[in-house]
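Protein chains in written order, with the numbering used here: chain F, 2 to 256; chain L, 2 to 256.
No residue lacks a Cβ here, since even glycine has one placed at the ideal position from N, Cα and C.
The structure appears below as structure tokens.
Protein chains: 2
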Amino acid sequence: MSGAPALEKLSSNRVFEGELTKYKFKSAALGGLDAQFNLFMPLNPGGAKVPVLVYLAGVPGEDDDWDFGTGAGFYINATKPEYAKNYNMATHITVELPQVIEAAGIAIDWKRQSIFGHSMGGHGALTLYLSSTTKQYRSASAFAPISNPTKCPWGEKAFKGYLEGGLAEGAKYDATELISKATEPLHILVDYGTGDNFYKQGQLLPENFLKTARDAGYDEFQVRVRSQEGYDHSYYFISTFASDHIHFHANFLKA
Amino acid sequence: MSGAPALEKLSSNRVFEGELTKYKFKSAALGGLDAQFNLFMPLNPGGAKVPVLVYLAGVPGEDDDWDFGTGAGFYINATKPEYAKNYNMATHITVELPQVIEAAGIAIDWKRQSIFGHSMGGHGALTLYLSSTTKQYRSASAFAPISNPTKCPWGEKAFKGYLEGGLAEGAKYDATELISKATEPLHILVDYGTGDNFYKQGQLLPENFLKTARDAGYDEFQVRVRSQEGYDHSYYFISTFASDHIHFHANFLKA
Chain F
2 MSGAPALEKL
12 SSNRVFEGEL
22 TKYKFKSAAL
32 GGLDAQFNLF
42 MPLNPGGAKV
52 PVLVYLAGVP
62 GEDDDWDFGT
72 GAGFYINATK
82 PEYAKNYNMA
92 THITVELPQV
102 IEAAGIAIDW
112 KRQSIFGHSM
122 GGHGALTLYL
132 SSTTKQYRSA
142 SAFAPISNPT
152 KCPWGEKAFK
162 GYLEGGLAEG
172 AKYDATELIS
182 KATEPLHILV
192 DYGTGDNFYK
202 QGQLLPENFL
212 KTARDAGYDE
222 FQVRVRSQEG
232 YDHSYYFIST
242 FASDHIHFHA
252 NFLKA
Chain L
2 MSGAPALEKL
12 SSNRVFEGEL
22 TKYKFKSAAL
32 GGLDAQFNLF
42 MPLNPGGAKV
52 PVLVYLAGVP
62 GEDDDWDFGT
72 GAGFYINATK
82 PEYAKNYNMA
92 THITVELPQV
102 IEAAGIAIDW
112 KRQSIFGHSM
122 GGHGALTLYL
132 SSTTKQYRSA
142 SAFAPISNPT
152 KCPWGEKAFK
162 GYLEGGLAEG
172 AKYDATELIS
182 KATEPLHILV
192 DYGTGDNFYK
202 QGQLLPENFL
212 KTARDAGYDE
222 FQVRVRSQEG
232 YDHSYYFIST
242 FASDHIHFHA
252 NFLKA
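What follows is the structure in structure tokens.
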């Protein structure tokens, strides 16, 4: 009897040189709630194991209060009692999803993982990469990430809401705090647009992340943060630079 | 006093190396109804005129009966009295849009136009290209086009509904009928997926178009119709081959 829940296939579409499949399963990390994810697998006649690049969405939630609630767990493990059962998004991404996919017999080489994301998902990608003591991911990248959440309204609200220890506990989920203490080699790429209203409102703070990375001794070959003139927070921005990011990760995943 | 209605800018997003703008105007060809279109313009510091590639969407309509109604004019000019005032989509695309855009001072070189589209929009692209006596478009391409509408349920319904002369009048809006009579050099690319349910149901009939093109003497360098294994009718199919189609048109637009 396997401990991993069964994957239910919801839909499947041929796209580019592979197949995109939508799956559903009962997530223990999310308190038994249904979790969904999409998995792209290349055409792979030999069945050789392939590397995986995890993408974390920005705002998948359905709530009016979109930065707090069902779909918007900030990719942390909640510690406040009222959330601790259903909001363990960090465990969901880093531990549960690989277990569930592996148990389903899908041919992924888990020794070759990288991670990227947009906005809150960019925050998730950077923090899960930087906080992994097992070097789970080979590289991380982000579009318009919330780069210093203990210093912006969205992050303050999330950490005070989800964490018993509030902002102090939130430091371990803050990319800027994490990189200030980092010592190992890093592979990070960040893009943000100067026309992004959330950037202008001080929700993203990529400059804080960049300055702290440089202060910690990381040069542009290890941590690259690019300001993109005129781009906003939307899908148009992501789609413009998505190809760049995938090529960036391929450098490390193919090795 | 200009005859062309004013363009209202609804939104604008930087994307790739340019700007995508959504416009609205009161369309005479559509009986005074509001018409919307998106225009991508490359960053163009010199202001030189650029060629235009027209994309016709498949099902932009909002109706339950999606293949008949507001958004789904089949890219023809209706002749039945109850539709003739509001359904002149052929005129809207080929005459009115260029006039309105030109009047707004947008720097397009109208001598370099090509056209493509998806599903009903693919039908529109092929028929507007093939029926232009002025060679308005240099090339045409289509994703999963309705290729022989006088022989499929969707086309029969549309032509009988919109046209006084029914299917007989519809022949001039049927890509297969049009290519059977064509004599001039052509530049056409068509892709369809073998996993497309509408293809399987006989709504698209690309084989009819291909066979008729060959019978009319067009080889694969002038009319290429590609069967794509396993792809369906969705955006995943379009996105996979969009780059191919744009490069195809660039060959002719850059000349």
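### Beta-bridge partners of ILE109(F), as assigned by DSSP
VAL51(F)
### Task
Check the Cβ-Cβ distances between PRO61(F) and every residue of chain L, and say whether any is below 8 Å.
With a pLDDT of only 46 at PRO61(F), under the threshold of 50, the placement of this residue in the model should not be trusted; the figure read from the coordinates follows. Not closer than 8 Å to any Cβ of chain L, the Cβ of PRO61(F) fails to qualify, so no.
#### Entry: Member of ALA85(F), ALA214(F), MET121(F), ASP216(F) whose CA lies at the smallest distance from the CA of ALA58(F)
MET121(F)
### Message
So that I know if they touch, is there some Cβ in chain L lying closer than 8 Å to that of GLY125(F)?
### Response
no
### Task
Could you pull the start and end residues of the alpha helix (DSSP H) that VAL101(F) belongs to?
98-104
### Task
Decide if ALA7(F) is buried, meaning its Cβ has at least 16 other Cβ atoms within 10 Å, or exposed.
exposed
### Message
Can you find the residues in the same chain that come closer than 7 Å, C-beta to C-beta, to GLN204(F), ignoring five residues on each side of it along the sequence?
### Response
ILE147, CYS153, PRO154, TRP155
#### Entry: Element boundaries [alpha helix (DSSP H), containing LYS212(F)]
207-216
### Task
Per DSSP, which residues does MET42(L) bridge with? Please list them.
GLU20(L)
#### Entry: Candidates LYS161(F), LYS50(F), LYS25(F), of which the one nearest GLU97(F) by Cα
LYS25(F)
### Beta-carbon spacing of HIS250(L), SER132(L) below 8 Å
no
### Query
So which residues on chain L does SER235(F) lean against when the C-beta distance must stay under 8 Å?
ASN14
### Message
Do PRO207(F) and VAL226(F) count as a contact pair if the criterion is CB distance below 8 Å?
### Response
yes
### Query
Where does HIS246(L) land, buried or exposed, given buried means 16+ other C-beta within 10 angstroms?
buried
### Query
Relative to the C-alpha of SER240(L), which residue among ASP192(L), ARG15(L), LEU21(L) is closest?
ASP192(L)
### Task
Find out if the Cβ-Cβ distance for the pair GLU9(F), LEU44(F) is shorter than 8 Å.
no
### Message
On the DSSP bridge list, what partners appear for ASP233(L)?
### Response
Answer by DSSP bridge pairing: none, since ASP233(L) is not bridged.
### Query
CA-CA distance, ILE109(L) and HIS124(L)?
25 Å
### Nearest neighbour of PHE38(L), chosen from LYS86(L), ILE189(L), LEU129(L), PRO99(L) [CA to CA]
PRO99(L)
### Query
If you count every other CB in all the chains shown that lies within 10 Å of the CB of ASP65(F), and 16 or more means buried, which is it?
Any reading at ASP65(F) needs caution, since the residue's pLDDT is 46, under 50, leaving its predicted position unreliable; the model's value is listed next. When all chains shown are included, ASP65(F) counts as exposed.
#### Entry: Residue span of the alpha helix (DSSP H) that contains PHE199(L), given as start and end
198-201
### Query
With burial defined as no fewer than 16 other Cβ atoms inside 10 Å of the residue's Cβ, what is the status of THR213(F): buried or exposed?
buried
### Message
Using CA atoms only, rank isn't needed, just tell me which of LYS50(L), VAL53(L), GLY32(L), THR195(L) is closest to ASN89(L).
### Response
GLY32(L)
### Message
Taking 8 Å as the threshold (beta carbon to beta carbon), is SER228(F) in contact with chain L?
### Response
no
#### Entry: chain L contact residues for PHE1(F), given Cβ-Cβ distances below 7 Å
Past the boundaries of the shown model lies residue 1(F); chain F is included only from 2 to 256, so the question cannot be answered.
### Task
Kindly list, in the order they appear in chain F, the residues whose Cβ is closer than 9 Å to that of LEU21(L).
TYR237
### Task
Mark GLN202(L) as exposed unless 16 or more other C-beta atoms lie within 10 angstroms of its C-beta, in which case mark it buried.
exposed
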